[in-house]
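Read the structure below first, then the notes.
Number of protein chains: 2
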Amino acid sequence: MRSLLLATAAAVLIGAAPPKKLLTPNDIVAQSPASAWKTIPADDLMVLSLANGGRVVIQLAPAFTPVHVANIKALSRGGYWNGATIYRVQDNYVAQWGLNESDKPWPAGVTAKPPAEYTRPLKGLSITALGSPDPYAPGAGFADGWPVAYNVKEGWADLVHCYGTVGVGRDLSPDTGTGGELYAVIGHGPRQLDRVIAIVGRVVEGIDKLSTLPRGTEALGFYKDKAQYVPIASIRLASDMPEAERPSFEVMDTNSPSFDQYLKIRANRRDDFYIRPAGGVDLCNVQVPVRKKA
Amino acid sequence: MRSLLLATAAAVLIGAAPPKKLLTPNDIVAQSPASAWKTIPADDLMVLSLANGGRVVIQLAPAFTPVHVANIKALSRGGYWNGATIYRVQDNYVAQWGLNESDKPWPAGVTAKPPAEYTRPLKGLSITALGSPDPYAPGAGFADGWPVAYNVKEGWADLVHCYGTVGVGRDLSPDTGTGGELYAVIGHGPRQLDRVIAIVGRVVEGIDKLSTLPRGTEALGFYKDKAQYVPIASIRLASDMPEAERPSFEVMDTNSPSFDQYLKIRANRRDDFYIRPAGGVDLCNVQVPVRKKA
Chain A
1 MRSLLLATAA AVLIGAAPPK KLLTPNDIVA QSPASAWKTI PADDLMVLSL ANGGRVVIQL
61 APAFTPVHVA NIKALSRGGY WNGATIYRVQ DNYVAQWGLN ESDKPWPAGV TAKPPAEYTR
121 PLKGLSITAL GSPDPYAPGA GFADGWPVAY NVKEGWADLV HCYGTVGVGR DLSPDTGTGG
181 ELYAVIGHGP RQLDRVIAIV GRVVEGIDKL STLPRGTEAL GFYKDKAQYV PIASIRLASD
241 MPEAERPSFE VMDTNSPSFD QYLKIRANRR DDFYIRPAGG VDLCNVQVPV RKKA
Chain B
295 MRSLLLATAA AVLIGAAPPK KLLTPNDIVA QSPASAWKTI PADDLMVLSL ANGGRVVIQL
355 APAFTPVHVA NIKALSRGGY WNGATIYRVQ DNYVAQWGLN ESDKPWPAGV TAKPPAEYTR
415 PLKGLSITAL GSPDPYAPGA GFADGWPVAY NVKEGWADLV HCYGTVGVGR DLSPDTGTGG
475 ELYAVIGHGP RQLDRVIAIV GRVVEGIDKL STLPRGTEAL GFYKDKAQYV PIASIRLASD
535 MPEAERPSFE VMDTNSPSFD QYLKIRANRR DDFYIRPAGG VDLCNVQVPV RKKA
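Chain order of the listed sequences is A and B. Okay, so the first sequence: first residue is 1 according to the working numbering, each after it adds one. Okay, so the second sequence: first residue is 295 according to the working numbering, each after it adds one.
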């Protein structure tokens with residue numbers, strides 16, 4: 001008691017600042033200036049409208065997998081996904097949708113055999129390092145708003161599998177998948193799929209519309225009966241929707257001072273609940289902030 | 295063509311073995327001898343029977359959090375959870391159950407203020423190292439069938455937050471929670487909670503009964519209306535159930551040669567689909583094999 005009183009008196013005497021508030025990651029997001037955010041172009045947002053009324057919004061990543069993303073845009077615009085369903089939901093792994101082994105012809109503009117876009121050149125990316133070791137690559141961090149792994153010596157970077165990551169279903173190697181069958185991660189990031197599958201984006205809204213679906217009981221989580229398939233009413237690019245209906249989102253600039261602060265606090269939480277800062281963080285536990293634009 | 299023929303002829307001539315089959319993690323599990331498995335004691339299995347007919351089975355971890363686990367057994371045996379519900383489901387985080395801010399008295403045998411069982415002595419554990427770097431601790435691996443982090447210099451080990459991990463809800467520090475409110479991880483392992491919360495076990499069956507629940511719309515995923523609470527019919531230890539109803543499970547011995555092989559293949563998959571072995575693995579992506587006993 002005595003020492004507390006003394007400390008208070010001393011603080012008054014020397015005009016010391018009050019104890020610094022211990023910020024949470026949410027505080028950083030709330031306090032960040034407008035300059036720390038980048039709007040996602042409407043042409044890079046894809047909207048899955050489920051027949052049950054649910055909506056899933058996906059941000060595409062053309063800077064990483066340009067041919068696959070161009071395919072996905074052509075598939076959407078060409079009406080390929082009319083009649084598409086979610087036909088596979090595997091617990092702690094993925095929800096997958098498309099036409100499921102259809103022989104429907106590809107619309108115009110689709111590259112039937114895309115190249116293996118499993119990595120891209122590191123050159124041209126401005127990387128913010130994670131600052132913690134990564135089990136899957138020599139380097140891990142953030143570039144252009146995305147979590148990435150990278151190898152300076154070999155000169156490549158790649159998008160990684162975290163919760164909400166969207167990738168391209170494919171058959172056995174060397175097939176890379178055309179983009180007609182897509183999945184979203186609904187469990188612990190299956191990083192073993194990095195550089196084995198083409199990643200084309202991430203869910204920015206409505207992942208719970210996928211993660212709460214009943215799990216399929218067949219091998220790999222496929223639904224047993226077609227009656228269980230979850231119908232998708234439409235898959236459209238936001239840029240093809242009437243302006244009044246278009247969703248709009250912004251992503252925190254991973255080169256901004258706000259993101260730097262957010263990353264440091266994610267690795268060392270010190271608020272009232274976190275009695276022991278971790279001193280490190282897993283790439284998939286940083287979760288680049290994304291928010292709806294008014 | 296010529297070289298292939300020559301190689302075939304040579305193989306015949308020297309009696310070489312056929313090319314080695316590229317094993318998957320499932321192959322290792324299927325081929326493992328009975329000696330690679332340990333039965334979970336019935337007193338360490340807790341069965342949540344949901345009113346809707348779903349069942350969730352949890353393996354408790356008394357070797358790591360003895361006071362909290364003893365509390366949970368006393369709560370179960372003392373009927374504390376009569377009327378319990380699942381009242382919080384936060385996407386990519388946790389599903390939480392119990393009585394939710396009840397003032398019901400603790401049954402006999404419950405320690406109201408357990409010690410901070412966030413780590414245990416490293417001594418006495420036989421560790422199989424992960425062999426990949428971990429962002430949250432100097433060491434990571436497996437002990438006694440569980441994924442653990444550890445620090446040789448400081449002499450501690452702790453259970454970690456992976457998909458399916460069960461922990462004790464608590465208020466702000468220095469409260470450690472009594473065990474009446476529990477959660478299971480239903481998303482990417484929130485490792486930032488390691489050594490901040492007491493971990494008491496993991497779900498070994500029925501995690502999908504939790505992961506598919508509708509997400510709560512209040513802050514932190516709490517359900518808004520009590521009508522949304524998911525009723526739990528009973529929470530019992532398997533050892534307290536009639537023998538005919540008892541579930542029985544076994545866990546792969548993490549000191550067995552089978553587990554060593556399984557771990558190496560998890561870090562370096564080379565089957566037809568995995569065109570590029572990762573050369574590393576995240577602790578939570580190893581998933582110690584657990585299976586039902588006949």
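Yeah, the Cβ is synthetic: ideal placement off N, Cα and C, and Gly gets one too. These numbers come from a predicted model, not from an experiment.
At a cut-off of 8 Å, the C-beta of T318 of chain B has no neighbouring C-beta in chain A. Taking the beta carbon of Y430 of chain B as reference, the chain A residues within 9 Å of it are S132, A278, G279, G280, V281 and D282, listed in sequence order.
Counting the other CB atoms within 10 Å of its CB gives G574 of chain B a total of 16 or more, which places it among the buried residues.
At least one CB atom of chain A sits nearer than 8 Å to the CB of R509 of chain B. Per DSSP, F543 of chain B is one residue of the beta strand (DSSP E) stretching across F543 to M546. In the structure shown, the three-state DSSP call for G515 of chain B is helix. Nearest to E512 of chain B by alpha-carbon distance, out of B:A431, B:G463 and B:Q384, is B:Q384. By the C-beta criterion, the segment 244 to 258 of chain A is judged not to be in contact with the segment 515 to 534 of chain B, since fewer than 3 inter-stretch pairs fall below 8 Å. Remark: C-beta atoms of I526 of chain B and A330 of chain B do not approach each other more closely than 8 Å.
The beta carbons of V462 of chain B and L476 of chain B sit closer together than 8 Å.
Looking only at A:V67, A:V166 and A:F273, the smallest Cα-Cα distance to A116 of chain A is reached by A:V67. The contact set of N386 of chain B on chain A, defined by CB atoms closer than 8 Å, consists of Y163, G164, I207 and S211 in chain order.
One alpha carbon belongs to E205 of chain A, the other to Y523 of chain B, and they sit about 24 Å apart. Inside the segment 157 to 204 of chain A, DSSP marks whole beta strand (DSSP E) runs of 3 or more residues at positions 165 to 168 and 182 to 185, from first to last along the chain. In this chain, V56 of chain A is not harboured by any alpha helix (DSSP H); it is covered by the beta strand (DSSP E) spanning R55 to L60.
Bounds of the beta strand (DSSP E) holding I526 of chain B are V524 to L531.
With a cutoff of 8 Å on beta-carbon distance, R191 of chain A and N394 of chain B are scored as not near each other.
I275 of chain A and I529 of chain B have their C-alpha atoms some 31 Å from each other. Contact between the segment 262 to 273 of chain A and the segment 147 to 167 of chain A is not established, with fewer than three Cβ pairs separated by less than 8 Å. Assignment of beta-bridge partners to N151 of chain A by DSSP yields A:W156. Scanning its chain for C-beta atoms nearer than 7 Å, with the 5 sequence neighbours on each side dropped, one finds around P356 of chain B the residues D338 and V363, in chain order. G471 of chain B has its alpha-carbon roughly 14 Å from the corresponding atom of P399 of chain B. Membership of A389 of chain B in any alpha helix (DSSP H) is not indicated; the residue belongs instead to the beta strand (DSSP E) covering V388 to G392. Judged by DSSP in its simplified three-state form, I127 of chain A adopts strand.
Chain B has a Cβ within less than 8 Å of the Cβ of L172 of chain A. One alpha carbon belongs to L122 of chain A, the other to T254 of chain A, and they sit about 16 Å apart.
Assignment of A324 of chain B by DSSP, reduced to helix, strand and coil, places it in the helix class. When the beta-carbon positions are compared, V388 of chain B and V479 of chain B come within less than 8 Å of each other.
With a threshold of 8 Å between beta carbons, H362 of chain B makes no contact with chain A. For chain A, the residues of the segment 387 to 413 of chain B that bring a beta carbon within less than 8 Å of one of its beta carbons are Y412, in chain order. A check of alpha carbon separations from A532 of chain B across B:I352, B:L317 and B:D321 identifies B:I352 as the nearest.
CA-to-CA, the gap between M340 of chain B and R585 of chain B works out to about 16 Å.
If you draw a 10 Å sphere on the C-beta of P114 of chain A, you find 16 or more other C-beta atoms in it, and that means buried. Here the alpha carbons of T212 of chain A and G53 of chain A stand approximately 14 Å from one another. With a threshold of 8 Å between beta carbons, D272 of chain A makes contact with chain B. Counting other Cβ atoms within 10 Å of its Cβ, Q31 of chain A stays below 16 and is therefore classed as exposed.
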